[in-house]
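Read through the structure below, which is laid out as structure tokens, and then see the notes.
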Amino acid sequence: MSQPYVLPTLVRGPYPLAGRRLVVDVGWLAVVFRNGVPRLVCGPGRHGSVLGLLTGRRLPATGELSMLLFDTAPQNVQVAADDVRLADGRQVGVTAVAVVQPRWSAEPRMLLDIAARYGVLSSRYGEAAGFQLDADFRAWARTLLGERDHDAVYLAHDSRSALAGSPGSSVPGGGMLAVERFVHVIIDPDPVVTSIRTAGDEAEIEMARLVARTAIEPIGAALRAIRSRYRDAIARDHGVRQAALDVDLAALYGVVPLFMRDPTAGAEVEKARWQVLNGLLGEYADTIPFAAEALGVTPTELLKDLARGRVPGTEAAAAPPSPDEIGQLDDRRRPA
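Start counting the sequence shown at 566; every next residue gets the next number (our numbering).
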């Protein structure tokens, strides 16, 4: 069951009237109690001395005097009703924010009967008004929505129209608060309807996916045919590009290109090369200084080049002559 919500300023007090004078602010009504019995309702304003207000004569009013203040201004109240059955058997939940008006704002004299029923404790009024409003709203929602089906209620352009009766009608009931209008209404759909619509939406999405897949199937077939036709050329081009990348990376890290494709095989090649190189260096160690002198490098540079798998001087010897060298050669060949 939803908890009724009523603003705590509905009723204030009790306040003693020790000075026998009464001032009521605008928006409030005061009920004066004499010895705990409601005797008088006073509207906004200054009421001077209350000597004769209770006796009707200019004599002191004896006994203990106190008062309660009743709010007459409209208030926003949240109300709710669960499991409201509709005309098609579906059940919905309704949550609304309503503008309510205390009934005593139009009929101040009725406060004497209300105060005689609930006494001088202000907390009783808010609790009673809340439960009465909750019961009135539930009865109104079940009566009004029971005449409509689920789609008419849940899919309405303005959800407030679901709780609107005939023009000029308001929520019936005999509580302390009367509903003037609803400013916000939320309809919780029936779970069965929600599940059915969710399943329908998922089926539509799957159908759309199948239609799209069928529509693009010819494109996929054409792309597969093109790939099959040029498979060898694509594989060859991919291999060439991969080999060039392996060579560049091998040069960057100082390893053989085979190491980039197959590290194990590359390591075996490096191992075999070092074994051969160590054997050659051990056999021709006494010739290294002479070979370095003949190649125009230091023994250390010669050993570094050999470790990298290069022969010093071969790159420079194989390089084509520069334009300057060709020009000098032509000058030497030209007759004086």
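Heads up, the beta-carbon is just placed ideally off N, CA and C, and yes, glycines get one too.
Inset, instruction - Per DSSP, which residues does Thr660 bridge with? Please list them. - result: According to DSSP, Thr660 bridges with Ala645 and Ile751.
Legend entry - beta strand (DSSP E) segments (min. 3 residues) lying fully within the segment 783 to 855: You should have found no qualifying run.
Inset, instruction - Could you pull the start and end residues of the beta strand (DSSP E) that Val596 belongs to? - result: Counting along the chain, the beta strand (DSSP E) containing Val596 begins and ends at Trp593 to Arg599.
Inset, instruction - Leaving out five residues on either side along the sequence, give the residues of the same chain with a beta carbon under 6 Å from the beta carbon of Asp648. - result: Only Gln656 meet the Cβ criterion.
Inset, instruction - To the nearest angstrom, report how far apart Arg623 and Arg586 are at their CA atoms. - result: Low confidence applies to Arg623: its pLDDT is 47, below 50, so where it sits in the model is not reliable, and the reading given next is rough at best. Whole-angstrom Cα-Cα distance: 14 Å.
Legend entry - Beta-carbon spacing of Val606, Arg674 below 8 Å: Their beta carbons are under 8 Å apart, which means Val606 touches Arg674 by this criterion.
Inset, instruction - Apply the 10 Å Cβ neighbour rule to Leu846 and answer buried if 16 or more other Cβ atoms are within range, or exposed otherwise. - result: Its Cβ having fewer than 16 others within 10 Å, Leu846 is exposed.
Legend entry - When Arg778, Asp716, Ala721 and Ala727 are compared against Thr759, the one with the closest alpha-carbon: Shortest Cα-Cα distance from Thr759 to any of Arg778, Asp716, Ala721 and Ala727 involves Asp716.
Inset, instruction - With a 10 Å radius around its C-beta and 16 neighbouring C-beta atoms as the bar for buried, classify Leu594 as buried or exposed. - result: Under the 10 Å beta carbon count, Leu594 is surrounded by 16 or more other beta carbons and is classified as buried.
Legend entry - Identity of the residue in Asp813, Leu860, Leu871 and Val862 nearest Gln840 by Cα: Of all alpha-carbon atoms in Asp813, Leu860, Leu871 and Val862, the one lying nearest the alpha-carbon of Gln840 is that of Leu871.
Legend entry - Straight-line gap, Tyr580 to Ala645 (C-alpha atoms, nearest Å): Roughly 34 Å separates the two Cα atoms.
Inset, instruction - Measure the CB-CB distance between Gly592 and Ala638 and report whether it falls below 8 Å. - result: Going by C-beta atoms, Gly592 is nearer than 8 Å to Ala638.
Legend entry - Cutoff 7 Å; reference Arg725; Cβ partners in own chain excluding five residues on either side: The residues are Phe747 and Val750.
Inset, instruction - Take Glu712 and list the residues in its own chain whose beta-carbon comes closer than 8 Å to its own, dropping the five residues that flank it on each side. - result: Cβ neighbours of Glu712 beyond the five flanking positions: Ala652.
Inset, instruction - Check whether the Cβ atoms of Leu860 and Leu867 lie closer than 8 Å to each other. - result: Against a cut-off of 8 Å, the Cβ pair of Leu867 and Leu860 comes out as a contact.
Inset, instruction - Using three-state DSSP, classify Leu860 as helix, strand or coil. - result: Three-state result, Leu860: helix.
Inset, instruction - Find out if the Cβ-Cβ distance for the pair Pro754, Tyr795 is shorter than 8 Å. - result: No, the Cβ-Cβ distance between Pro754 and Tyr795 is not below 8 Å.
Legend entry - Leu720, enclosing beta strand (DSSP E) - first and last residue: It is not in any beta strand (DSSP E) - Leu720 carries neither H nor E in the DSSP assignment.
Legend entry - Cutoff 7 Å; reference Gly608; Cβ partners in own chain excluding five residues on either side: Within the same chain, Gly608 has close Cβ partners Val589, Leu594 and Pro673.
Legend entry - DSSP beta-bridge partners of Val776: DSSP lists no partner for Val776.
Inset, instruction - Can you give me the start and stop residues for the beta strand (DSSP E) that Leu575 sits inside? - result: It is not in any beta strand (DSSP E) - Leu575 carries neither H nor E in the DSSP assignment.
Inset, instruction - With DSSP as the reference, please indicate the residues paired to Gly610 in a beta bridge. - result: Answer is Val589.
Inset, instruction - For Met544, count neighbouring C-beta atoms within 10 Å of its own C-beta (all shown protein chains included) and say buried if the count is 16 or more, exposed if not. - result: Residue 544 falls outside the range modelled here, since the chain spans only 566 to 901, and no answer is possible.
Legend entry - Supposed close pair Glu835, Val821 - CB separation, criterion 8 Å: Right, their Cβ atoms sit about 6 Å apart.
Inset, instruction - Could you have a look at Leu582 and say whether DSSP puts it in helix, strand or coil? - result: DSSP places Leu582 in coil when its eight states are reduced to three.
Inset, instruction - With a 10 Å radius around its C-beta and 16 neighbouring C-beta atoms as the bar for buried, classify Gly765 as buried or exposed. - result: Per the 10 Å Cβ criterion, exposed.
Inset, instruction - Starting from Met632, trace the beta strand (DSSP E) both ways and give me its first and last residue. - result: In this chain, the beta strand (DSSP E) harbouring Met632 covers Leu630 to Asp636.
Inset, instruction - Tell me whether the beta-carbon of Arg599 lies closer than 8 Å to the beta-carbon of Gly628. - result: Taking 8 Å as the cut-off, the beta carbon of Arg599 is found closer than this to the beta carbon of Gly628.
Inset, instruction - Locate the alpha helix (DSSP H) running through Trp705, then write down its first and last residues. - result: Counting along the chain, the alpha helix (DSSP H) containing Trp705 begins and ends at Ser687 to Leu710.
Legend entry - Proximity of Ala694 and Leu634 at Cβ, strictly below 8 Å: In this structure, Leu634 does not lie closer than 8 Å to Ala694 by Cβ.
Legend entry - Buried versus exposed call for Ile784 [16 or more other C-beta atoms within 10 Å across all chains shown]: Answer is exposed; the Cβ neighbour count stays below 16.
Legend entry - Expected contact under 8 Å - CB spacing of Val662 and Gly601 to nearest Å: Their Cβ separation, rounded to whole angstroms, is 37 Å, which puts Val662 and Gly601 out of contact at 8 Å.
Inset, instruction - For Tyr849, count neighbouring Cβ atoms within 10 angstroms of its own Cβ and tell me buried if that reaches 16, exposed if not. - result: By the C-beta density criterion, Tyr849 is exposed, having fewer than 16 other C-beta atoms within 10 angstroms.
Legend entry - Test item: CB-CB of Ala727 and Ile752 under 8 Å: With respect to the 8 Å criterion, Ala727 and Ile752 are classified as neighbours on the basis of their beta carbons.
Legend entry - Endpoints, the alpha helix (DSSP H) within which Ala681 is located: For Ala681, the enclosing alpha helix (DSSP H) stretches over residues Met675 to Tyr683.
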